[in-house]
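Residue numbers (my numbering), protein chains in the order written: chain A, 6 to 262; chain B, -16 to 478; chain C, 273 to 376. Think of the CB as a built atom: it goes at the ideal place given N, C-alpha and C, for glycine as much as any other residue.
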Amino acid sequence: MNDDEHTEKSKSSYMPLIIASGVAIFLLGLAIYIPVLVAGLIIIVAAVYKMFKDGAAEKFSGTKETPEEETYPLESVTNEKLGLWIFLASEILIFGSLIIAYAYVRVNSGSWPIATQTHNVFLGMTNTIILLTSSLAMILSLYAIRQGNVKGLKIGLGSAFALGIAFLVIKLGFEWPELISKGFTITSGLPASTYYVLTGLHAVHVAVGLVAVGYLIFRAYSLGFTSSKHIAVENVGLYWHFVDIVWMFLFPLFYLI
Amino acid sequence: MFFLIVAGSLGMLMRTQLATPNENFLNPFTYDQVVTLHGLLMILWVLTPLAAGLANYIVPLQIGAKDLTFPRLNATSYWTYLFSGLLLVGTVFLPGGSANTGWTLYAPLNTIQFSPQPGATLAILALALFAVSVTISSINFITTIVKKRAKGVTWTRLPIFTWSILMTMALALFAFPPLAAGLTLLTTDRIFGTVFFSSTQGGSILWDELFWFFGHPEVYIVVLPALGIIAEVFMTFSKRPLFARKIFIAELAAVTILSVGVWMHHMFTTGVNFDVLQAFSITTMAISIPFEGLVVGLVLTLYKSRIKLSAPMLYCLAAMFTVTLGGVTGVLQAFPVLDYAFRGTYWIVGHFHYVMAGTALFALIAGLYYWWPKITKRKYNESFAKITFVISFIGFNALYFPYFFLLDMPRRIATYSILSGWASLNFDATVGAFIFGPAILLTLLNLILSYRKNESSEANPWDSKEMEWTGDYSGTAEASTTKDNSIQSKNGDKS
Amino acid sequence: MDVPFPTLLLNLGEKMPGIKLYIGIWLGLVVATIMEVVIRSLPGPASVFLTIILLIAGVKAIAISLYYQNLRYEGIRLATLPLAAIIGIVFLAVSAGLTITMGM
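Printed below as a string of structure tokens:
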């Protein structure tokens, strides 16, 4: 259709196979033998690094939008954004199910410790504000690049990244050790288990988001983004806001109620 | 295919064990593992992927796209599927064996206390990986169908199989996350020692809620593509348009949406709040209405037409027979009162094998035969296919029909005493298995041999008017399903 | 990943509110967060807290979704996806909730 005979980039890559095997090995190790898990992790990290470099070099073609396609009723949405929203729908379902499970076990159990006495509400609130600010930074970076303001983009991305790290540091470096030293461990009962599973899964999502933001920074400094070429910034932002939204619920559910 | 053979063999093992009373061919623990793996593999690793595989090839052809929207994501979905299946099968070789909980992985049997073997943990992780694979796949398919249709392929002209795949993938997107949530909690239970499902305060009910919110839509994920295939095959081999096409599509949508609202009928005997169960009983009866509409629509498509009894058509006709039988037995289970009698008996096993091994598997085989010339450009041996069909159909019914008469025999038991009176029916069933199983192998053989014979097929051997065959997407020629004029296609083969 | 046509881009959620609105929303979110904590420390029955605080949380979530995720400007069509997911979750919550036998 287009002039993509000679500009057609490769569509095939080894990464799917390698990432898939890395994950499979990771799970195998999780079930039977920890060193195997580490091997899986190494494979995944190496693959992600390679994907960073491929993405920055634009080695693989993205999706092509052509005007002849029938796309009603979502004509104005790029393929990637649509894909991401579909993914977010599934994420809503998984976090929603876990929150329902939490509510279920909590209502079903006779007594539950008082949240404000168990958790450090001040740190929780600080973390909430940190995450909100990082969301602001992400949307401002998108706004910046839409105007062609590359410097603004970099500042925004960098701030979001730093704030995300701060969130994890406060949670994993301060809150959790304090809780564990009080005997509030993952096996000490359902109140603790639900807290750790839900906030832990959320933290994993934050970490993955940081990897994505890291990729954006990596690319902003290498190949760069332009005011017409920045789908990734928008989509990572959408994911990041979602992670923030989940925390909007987790904070009151665990720290206040 | 590989998984089909593995899971099929597991089924054969089960039937061998049950052939005679007091059999000691498999010890109970092993038998339970066989039951679990047979179920998991068949439902998740065979039926769903067969449909997805066909869809992977055919949906782009049907909508005029070059490929799915995200090709590397597609590859990721495939590899994670393959590895998850290999992990699951591999659990058999671990010390202590695999999961022995039944494919429904009920609590508290699924906890570390009652099934301590690491194989069960790995099975659960494999299932989680599979959920990831399906989610990726659904993102891909939905994006493709929404955004990559060629000009002229508007929503009303969208082929029925593609509609069914869209519904299936949307349902998969909804169904698998709650399963993943449950599996996450189960994993922390097993590895980190949390007590989500072993708690005596509703732990096992929590598992039921999460699992069946997934489990019921899952079985519709299995059956919806089958209905799509049957519709396509019926249209081509009766040279008729689908009866009341728009209503058919609406009914597909109705079944899809309602299937999210019937899941508690798997919990009728758990003793939870009866009013809620009543509500679900009503929704379960309600879903049979559009479902019946689909079946009737398919039958009416054939009414007063000249049917060509090709292999795909035969399998689809068989699928209609089984869906009727399976559906009727299913509706009876919609009543909690009756469910107390049916629950956990071979009546249920008969019901779901009729719809899954019958309708879904037969329709998928029909789809394979039907689209084989398109995908591989080869011809399979039609007479051989018809013969294997007859053998399959006889074997299938010999195997599963007795189950309805065994409605007081509990499922998942490894053996039974001669005093139960179940011996002769079980023996008949096993005979059926030994007919049905080989017949499936012969079917596969037929398809594989078509490669070796290297006889290439013409571009549109069934003379179908559907878009994937004619390559004409713009619909400038009259919509392919309404008139009987032959379309001169510019390039009959779009691949 | 590239976007081929500038013409296409003009439709791609190009309507974005300005910096002032973003910062304004952020301020609102921070204030709402502080309010949640403050309300918690007020005397009163727990169930009232639960409802009010969760309502505030819901409003925060919706605000982020509408403005930061740009759903306000992208239209209802895209929003049907998360909405459908939320409806599914509400349904699961309600039906599972109705089956709970109140704690021992």
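Exposure label - residue i; buried when at least 16 CB within 10 Å
i                : result
Phe363 (chain C) : exposed
Thr199 (chain A) : buried
Phe127 (chain A) : exposed
Ile91 (chain A)  : buried
Asn10 (chain B)  : exposed
Gln261 (chain B) : exposed
Leu432 (chain B) : exposed
Leu327 (chain C) : exposed
Tyr226 (chain A) : exposed
Gly165 (chain B) : buried
Pro393 (chain B) : exposed
Ile361 (chain C) : buried
Pro40 (chain A)  : exposed
Val320 (chain B) : exposed
Interface residues of chain C facing residue i [CB-CB closer than 8 Å]
i                : result
Pro161 (chain B) : Leu364
Val259 (chain B) : Ser367, Leu370, Thr371
Ile188 (chain B) : Thr371
Spatial neighbours of residue i in its chain, beta-carbon cut-off 7 Å, leaving aside the 5 residues before and after
i                : result
Val241 (chain A) : Ala217, Val218, Leu221
Ala155 (chain B) : Val117, Ser121, Ile204
Ile377 (chain B) : Ile418
Leu297 (chain B) : Lys369, Phe372
Leu35 (chain A)  : Leu42
Gly211 (chain B) : Ile143, Phe144, Trp146, Ser147, Ile148
Phe321 (chain C) : Ile311, Arg312
Val245 (chain B) : His199, Phe263, Thr266, Thr267, Ile270
Val243 (chain B) : Phe157, Pro200
Val216 (chain B) : Pro295, Met296, Cys299, Ala349, Tyr353
His235 (chain A) : Ile150
Tyr363 (chain B) : Tyr352, Trp355, Asn429, Leu430, Ser433
Sequence-distant residues of the same chain with beta carbon closer than 6 Å to residue i, five excluded per side
i                : result
Tyr260 (chain A) : Ala120, His124, Val126, Gly129
Met250 (chain B) : Asp191
Gly313 (chain B) : His334
Met152 (chain B) : Ser121, Phe124, Ile125
Asp411 (chain B) : Pro385
For residue i, three-class secondary structure by DSSP
i                : result
Ser146 (chain A) : helix
Arg312 (chain C) : helix
Lys55 (chain A)  : helix
Ser18 (chain A)  : coil
Thr84 (chain B)  : coil
Arg344 (chain C) : helix
Thr219 (chain B) : helix
Lys234 (chain A) : strand
Ser367 (chain C) : helix
Ser102 (chain A) : helix
Arg361 (chain B) : strand
Arg173 (chain B) : helix
Arg289 (chain B) : coil
Arg132 (chain B) : strand
Thr13 (chain B)  : helix
Partners in chain A for residue i, counting only beta-carbon separations shorter than 9 Å
i                : result
Ser182 (chain B) : Val110, Asn113, Ser114, Leu195
Arg312 (chain C) : Ala120, Thr121, Val126, Pro257, Tyr260, Leu261, Ile262
Contacts of residue i in chain C (Cβ-Cβ under 7 Å)
i                : result
Asp249 (chain A) : Ile336
Partner residues on chain B for residue i, Cβ-Cβ distance less than 7 Å
i                : result
Pro21 (chain A)  : Arg55, Ala58, Thr59, Trp62
Ala368 (chain C) : Glu192
Gly360 (chain C) : Phe157, Val243
Beta-carbon neighbours of residue i, restricted to chain A and to distances below 7 Å
i                : result
Ile122 (chain B) : Gly88, Ile91, Phe92
Lys332 (chain C) : Met253
Cβ shell of residue i (< 8 Å), same chain only, five flanking positions each side left out
i                : result
Thr177 (chain B) : Leu168, Thr171
Thr84 (chain B)  : Asp15, Thr19, Leu92, Asn93, Ser98, Ala103
Ser271 (chain B) : Gly310, Gly313, Val314, Ala317
Gly80 (chain B)  : Phe12, Thr13, Gln16, Thr74, Gln100, Gly102
Leu215 (chain A) : Phe166, Gly169, Ile170, Leu173
Ile331 (chain B) : Gln316, Phe325, Arg394
Partners in chain B for residue i, counting only beta-carbon separations shorter than 8 Å
i                : result
Leu206 (chain A) : Thr167
| field | Every unbroken alpha helix (DSSP H) within the segment 374 to 459 of chain B, with a cutoff of 4 residues, ordered by chain | value | 406 to 436, 450 to 453
| query | Mind pulling the alpha helix (DSSP H) runs of 4 or more residues that sit fully within the segment 50 to 79 of chain B? | reply | 54 to 73
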